[in-house]
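Peer 1:
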Amino acid sequence: MESLLGPTSNRFVSQRLRLNYVDWGNADAPLLILQHGGRDHCRSWDWVAEELRRDWHVICPDLRGHGDSEWSPEGHYGMDAFVYDFAQLVHTLGQDKVTIIAHSLGGNIATRYTGLYPEKVAKFVNIEGLGPPPGLRRESEINASDRLRQWVEDKRKASARTVRKYATLRDAYQRMKEENTFLTDEQARHLTVHGASRNEDGTWSWKFDNYLNVWSASDLPTDQIVALWEAIACPVLMLWGKDSFAASPAGDGRMDYFPTAKLIEYDDAGHWLHHDQFGRFMADVREFLG
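Numbering (UniProt numbering), first residue to last: 1 to 290.
1. Per DSSP, Leu-19 is paired with what?
2. Taking 8 Å as the threshold (C-beta atoms), are Ser-244 and His-271 in contact?
3. Does DSSP put Ala-250 in a helix, in a strand, or in coil?
4. So what's Arg-164 in DSSP terms, helix, strand or just coil?
5. Judging by CA-CA distance, which residue of Trp-56, Gly-75 and Phe-278 is the nearest neighbour of Trp-151?
6. Which same chain residues, not among the five before or five after Arg-254, have their C-beta less than 7 Å away from its C-beta?
7. Helix, strand or coil for Lys-155? Go by DSSP, reduced to three states.
8. Cα separation between Leu-105 and Phe-208?
9. Starting from Gly-241 and walking both ways along the beta strand (DSSP E), at which residues does that stretch end?
10. List the DSSP bridge partners of Cys-60.
11. Which one or two residues does DSSP pair with Asn-180 in a beta bridge?
12. Examine the Cβ distances between the region 76–84 and the region 179–196 and report whether three or more of them are shorter than 8 Å.
13. Candidates Thr-181, Ile-232, Ile-264 and Ser-197: which alpha carbon is nearest Asp-276's?
14. What would DSSP say about Trp-272, mapped onto helix, strand or coil?
15. Assess, as a yes-or-no matter, whether the region 143–157 is touched by the region 247–262 under the definition of 3 or more beta carbon pairs within less than 8 Å.
16. Under DSSP, the alpha helix (DSSP H) around Thr-192 begins and ends at which residues?
17. Tell me the DSSP secondary structure of Tyr-77 in three-state form.
18. With Ile-109 as the anchor, note down where its alpha helix (DSSP H) starts and where it stops.
19. Based on DSSP bridge pairs, tell me the residues matched to Leu-31.
20. Does the beta-carbon of Glu-186 have 16 or more other beta-carbons within 10 angstroms, so that it is buried, or is it exposed?
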């Protein structure tokens, strides 16, 4: 039976990069894209995909520089590149409408895509994926030349940084457990197995590109980002963990730019609330998606 099979790995080309996505089958069902966040990978959605694959055609892409997608040769990981890649995936899949669940960096990318192409998105679940409030964005724009100078220095440092190596996969697993104390042993093991690859000398390293740690110095002006937020026409579900490092938009005015959005905050959950409170997350998502 198809329901017992795991996902199949596929490639699509965007800006000359071969980018990976996994397909959970059920091609005749409505299209649902699950987009991971920064330094993550497409297999972090496996638990969610298993729950939704019978009702949806679930596609989980690896962002450029992540998972089994190629790294950008020049280390370009700006929002313009990410948004183009996402738009290219939807174009490649050839569907008129898509539903999206996206986390963190992936949520930021999907939010902009949904504002650019509001007619293409049926519903959107955003998990801690907005970026800073407009006030903080505008402050950073004041010192654009300083930010560009810092970016040059940070890129140079990243070029000199060697990839961190772990003697065994278990060492990488222990690092995963330290990074997110909410994870169960089974979750941490799964994320590690799919998130690390073996080096030629037998050690293990994470799959993501170190250049991802250097955020792009250039972006759209704040007012244009806000205009994309306001252009979203579909129902939106915003989800935030109360123990996350990412501040909730509940009290800083960001929700005002999303007239079709509902916000739910989760107790006992950090930034990866879809792992930390999986049962509640799935219940809320199923109710929202209908």
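Here a beta-carbon is modelled for each residue, glycine too, at the ideal position from N, C-alpha and C.
Peer 2: On the basis of the data shown:
1. By 1-based counting over the sequence shown, the position of residue 19 is 19. Answer by DSSP bridge pairing, in chain order: Phe-12.
2. Position 271 of the sequence shown, counting from 1, holds the residue named residue 271. Position 244 of the sequence shown, counting from 1, holds the residue named residue 244. Going by C-beta atoms, His-271 is nearer than 8 Å to Ser-244.
3. Within the sequence shown, residue 250 is the residue found at index 250, counting from 1. Coil at Ala-250, not helix or strand.
4. Along the sequence shown, read from residue 1 onward, the residue named residue 164 stands at position 164. Coil.
5. To locate residue 151, count along the sequence shown from 1; it is residue 151. Per the Cα distances, Gly-75.
6. Against the sequence shown, residue 254 aligns to sequence position 254. Once the five neighbours on either side are set aside, the close Cβ partners of Arg-254 are Leu-130 and Pro-133.
7. Sequence index remark: in the sequence shown, residue 155 carries index 155 (1-based). Lys-155: helix per DSSP, three-state reduction.
8. As a position in the sequence shown, residue 105 is number 105, starting the count at 1. As a position in the sequence shown, residue 208 is number 208, starting the count at 1. Distance between the alpha carbons of Leu-105 and Phe-208: 14 Å.
9. For this step, residue 241 is matched to residue 241 along the sequence shown. First-last of the beta strand (DSSP E) with Gly-241: 236–241.
10. Against the sequence shown, residue 60 aligns to sequence position 60. In the DSSP output, where bridge partners are listed per residue, Cys-60 has Val-22.
11. Counting from one through the sequence shown, the residue named residue 180 turns up at place 180. Note: Asn-180 sits in no beta bridge, so no partner.
12. no
13. Position 276 of the sequence shown, counting from 1, holds the residue named residue 276. Cα-wise, what sits closest to Asp-276 is Thr-181.
14. Along the sequence shown, one-based indexing puts residue 272 at 272. Trp-272 falls in the coil class under three-state DSSP.
15. no
16. Translated into positions along the sequence shown, residue 192 becomes position 192. Element bounds for Thr-192: 185–195.
17. Taking the first residue of the sequence shown as position 1, residue 77 is located at position 77. Note: Tyr-77 maps to coil in three-state DSSP.
18. One-based indexing of the sequence shown puts residue 109 at position 109. Note, Ile-109: alpha helix (DSSP H), 105–116.
19. Numbered from 1 along the sequence shown, position 31 holds the residue referred to as residue 31. In the DSSP output, where bridge partners are listed per residue, Leu-31 has His-57.
20. Residue 186 sits at position 186 when you count from the first residue of the sequence shown. Classification of Glu-186: exposed, given that the 10 Å Cβ count is below 16.
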